[in-house]
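J.: The sequence shown: position 15 = 15 (our numbering), numbered continuously. Here a beta-carbon is modelled for each residue, glycine too, at the ideal position from N, C-alpha and C.
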Amino acid sequence: MTNTVKDMLEAANAAVPRISGAEAVALAGRPEVLILDVRDAAEVKVTGKAVGGLAVSRGLLEFRADPDSPMHDAAFDRAKTIIIHCAAGGRAALAGQTLKSMGYTDVRNLGGFKDWVEAGGEVEPG
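Okay, structure coming up:
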């Protein structure tokens, strides 16, 4: 059986809990929390990103998240709560499912960047 995007998103959304913008804003800034933006660099450049957040495009996620990768980013820590967002939530769900398969246990899907902004989350240049 072939999976469709719809199938993959349903599985990802079932595996990664969704949180509200207000919940994400309340958790942001804590040392045990990483706000992760998986939009492409061009998107982040236009809108900016969450203050203190980490922008890693969806295509590089596995390389940045794997401690054994030469491209590993030290901001990734399996002990942290990782709150992921993209533009609308789909890439964030898939990225969250990927991180869970890589051993990250507390992964949450904020949805879209607009959810962050609408909840009053601070924005810095991308």
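What residue range does the alpha helix (DSSP H) around L60 cover?
T.: Stepping through the sequence shown from its first residue, residue 60 is reached at position 60. Counting along the chain, L60 falls outside any alpha helix (DSSP H), and DSSP gives it neither H nor E.
J.: If you follow the alpha helix (DSSP H) that T98 is in, where does it begin and where does it stop?
T.: In the sequence shown, counting from the first residue as 1, residue 98 sits at position 98. Unbroken alpha helix (DSSP H) run through T98: 90-101.
J.: Would E62 and T105 qualify as a contact pair, given that the criterion is a beta-carbon distance under 8 Å?
T.: Translated into positions along the sequence shown, residue 62 becomes position 62. Translated into positions along the sequence shown, residue 105 becomes position 105. Cβ distance not < 8 Å, so E62 and T105 don't count as in contact.
J.: Establish whether the CB of A11 and some CB of chain D are separated by less than 8 Å.
T.: Protein chain content of the structure displayed is limited to a single chain, and chain D is not contained in it.
J.: For A87, which option in A26, P31, E124, T47 has the closest C-alpha, if you only look at C-alpha atoms?
T.: Counting from 1 along the sequence shown, the entry for residue 87 is found at position 87. The shortest C-alpha separation from A87 is found at T47.
J.: Considering just the uninterrupted stretch of the beta strand (DSSP E) at N109, what are its terminal residues?
T.: For the purposes of this step, residue 109 is taken as residue 109 along the sequence shown, with counting starting at 1. First-last of the beta strand (DSSP E) with N109: 107-112.
J.: Using alpha carbons as the reference points, say which of E124, L110, G126, P125 lies closest to V25.
T.: Residue numbering aside, residue 25 sits at position 25 when the sequence shown is read from its first letter. It is L110.
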